[in-house]
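Visitor:
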Ligand SMILES: *[C@@H]1O[C@H](CO)[C@@H](O)[C@H](O)[C@H]1NC(C)=O
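Residue numbers (mature numbering (1 follows the signal peptide of the UniProt record, and there is no 0)): -24 to -1, 1 to 228.
Structure below.
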């Protein structure tokens, strides 16, 4: 098992304890790794020094330098920004601390992830001036973070979409629902797309307007009945032929 990398980066001596009369004071530094893409391309490292609730000085890897937010902070920022060794260490930390750990943490989630069961159904048919409505529901997935959106003729639909939040089922699984209101056009392609940690590829579910779910179920039941009937009829016929053939071979 790989262990996460620690990033301990002392720039300031923070040994002094600050104690007021009533409450204590709080001086601290922290490192944030912030990202939202799967390939960590948008990874940002923030390394901040704060007093109580105020950030004094902060390194932002997008800017590639420190910015001071207080009189003291500005002085420190000026001082550290000139130090090539410090700057290089912080620049490298985006990879060896942030990206490295993010990959590690994500991989422990990924092997526990559970793929959502997605159902695409028609809620309302278009009638008169009222648009039709489709419902895309994803059930029983883990972890919570998921993206559900609609595509119409290759473009992401941004309007007339209503989505719920991820809802906890209470058993570690989640569900989410998204509705699309639309005026049907012939020959168009509508699909519901689901992005989740359980799949490296976006999962695309295309809407087949020719048949609704219940129609499809009826056809499936009918077809199964037909197949069963044919099998029974064939079996009966073979049985009958064998019996009658036997009778001919043994004449009374
Ligand atoms: C870091 O810098 C970028 C680029 O200027 C900026 O967009 C972003 O908001 C900054 N982050 C914070 C937390 O200040």
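Don't be surprised by glycine CBs; every beta carbon is placed ideally from N, CA and C. Model, not experiment: these values are computed from the prediction.
In or out: residue 101 buried (at least 16 other Cβ within 10 Å) or exposed?
Guide: Counting from one through the chain shown, the residue named residue 101 turns up at place 125. The C-beta of residue 101 has fewer than 16 other C-beta atoms within 10 Å across all chains shown, which makes the residue exposed.
Visitor: How would you call residue 23, buried or exposed, if buried means at least 16 neighbouring beta carbons within 10 angstroms?
Guide: Sequence index remark: in the chain shown, residue 23 carries index 47 (1-based). By the 10 Å Cβ count, residue 23 comes out buried.
Visitor: If you draw a straight line from the alpha carbon of residue 192 to that of residue 202, how long is it in whole angstroms?
Guide: Your numbering for residue 192 matches position 216 in the chain shown. Your numbering for residue 202 matches position 226 in the chain shown. Going from the Cα of residue 192 to the Cα of residue 202 covers about 15 angstroms.
Visitor: Determine the burial state of residue 211: buried for a count of at least 16 other Cβ atoms within 10 Å of its Cβ, exposed for fewer.
Guide: Reading the chain shown from its first residue, position 235 is the one you call residue 211. Residue 211 is exposed by the Cβ-count criterion.
Visitor: Would you give the residue range spanned by the beta strand (DSSP E) that residue 86 belongs to?
Guide: Within the chain shown, the letter at position 110 stands for residue 86. Careful: residue 86 lies outside any beta strand (DSSP E), inside the alpha helix (DSSP H) at 76 to 86.
Visitor: On the DSSP bridge list, what partners appear for residue 34?
Guide: For the purposes of this step, residue 34 is taken as the residue at position 58 of the chain shown. DSSP lists 24 and 43 as partners of residue 34.
Visitor: From the DSSP secondary-structure annotation, give me the bridge partner or partners of residue 137.
Guide: Here residue 137 refers to the residue found at position 161 of the chain shown. In DSSP, residue 137 forms a bridge with 156.
Visitor: State the DSSP-derived secondary structure class of residue -17, mapped to helix, strand or coil.
Guide: By 1-based counting over the chain shown, the position of residue -17 is 8. Reduced to three states, the DSSP call for residue -17 is coil.
Visitor: Between residue 30 and ligand 1, is the CB less than 7 angstroms from at least one heavy atom?
Guide: Here residue 30 refers to the residue found at position 54 when the chain shown is read from its first residue. No - ligand 1 has no heavy atom lying nearer than 7 angstroms to the Cβ of residue 30.
Visitor: Just how far apart, CA to CA, sit residue 48 and residue 32?
Guide: Taking the chain shown and counting its residues from 1, one reaches residue 48 at position 72. Taking the chain shown and counting its residues from 1, one reaches residue 32 at position 56. For residue 48 and residue 32, the distance between alpha carbons rounds to 7 angstroms.
Visitor: Quick one, are the C-beta atoms of residue 9 and residue 78 less than 8 angstroms apart?
Guide: In the chain shown, counting from the first residue as 1, residue 9 sits at position 33. In the chain shown, counting from the first residue as 1, residue 78 sits at position 102. Yes, these two residues count as a Cβ contact at 8 angstroms.
Visitor: Beta carbon of residue 11, beta carbon of residue 18: below 8 angstroms?
Guide: The count along the chain shown starts at 1 and reaches residue 11 at position 35. The count along the chain shown starts at 1 and reaches residue 18 at position 42. In contact: residue 11 and residue 18 (Cβ atoms closer than 8 angstroms).
Visitor: Does ligand 1 have a heavy atom nearer than 7 angstroms to the CB of residue 57?
Guide: Stepping through the chain shown from its first residue, residue 57 is reached at position 81. Checking the 7 angstroms criterion, the Cβ of residue 57 is out of range of every heavy atom belonging to ligand 1.
Visitor: Between residue 109 and residue 87, what straight-line distance do the alpha-carbon atoms span, to the nearest angstrom?
Guide: Working through the chain shown from its first residue, we reach residue 109 at position 133. Working through the chain shown from its first residue, we reach residue 87 at position 111. Their backbone Cα atoms lie some 35 angstroms apart in a straight line.
Visitor: Comparing the CB of residue 21 with every heavy atom of ligand 1, is any distance shorter than 7 angstroms?
Guide: Mapped onto the chain shown, residue 21 falls at position 45. Every heavy atom of ligand 1 is 7 angstroms or more from the Cβ of residue 21, so no.
Visitor: Counting C-beta neighbours from all protein chains within 10 Å, is the total for residue 152 16 or more, i.e. buried, or is it exposed?
Guide: The count along the chain shown starts at 1 and reaches residue 152 at position 176. Buried is the call here.
Visitor: Which two residues bound the contiguous alpha helix (DSSP H) that contains residue 68?
Guide: By 1-based counting over the chain shown, the position of residue 68 is 92. That run of the alpha helix (DSSP H) goes 60 to 69.
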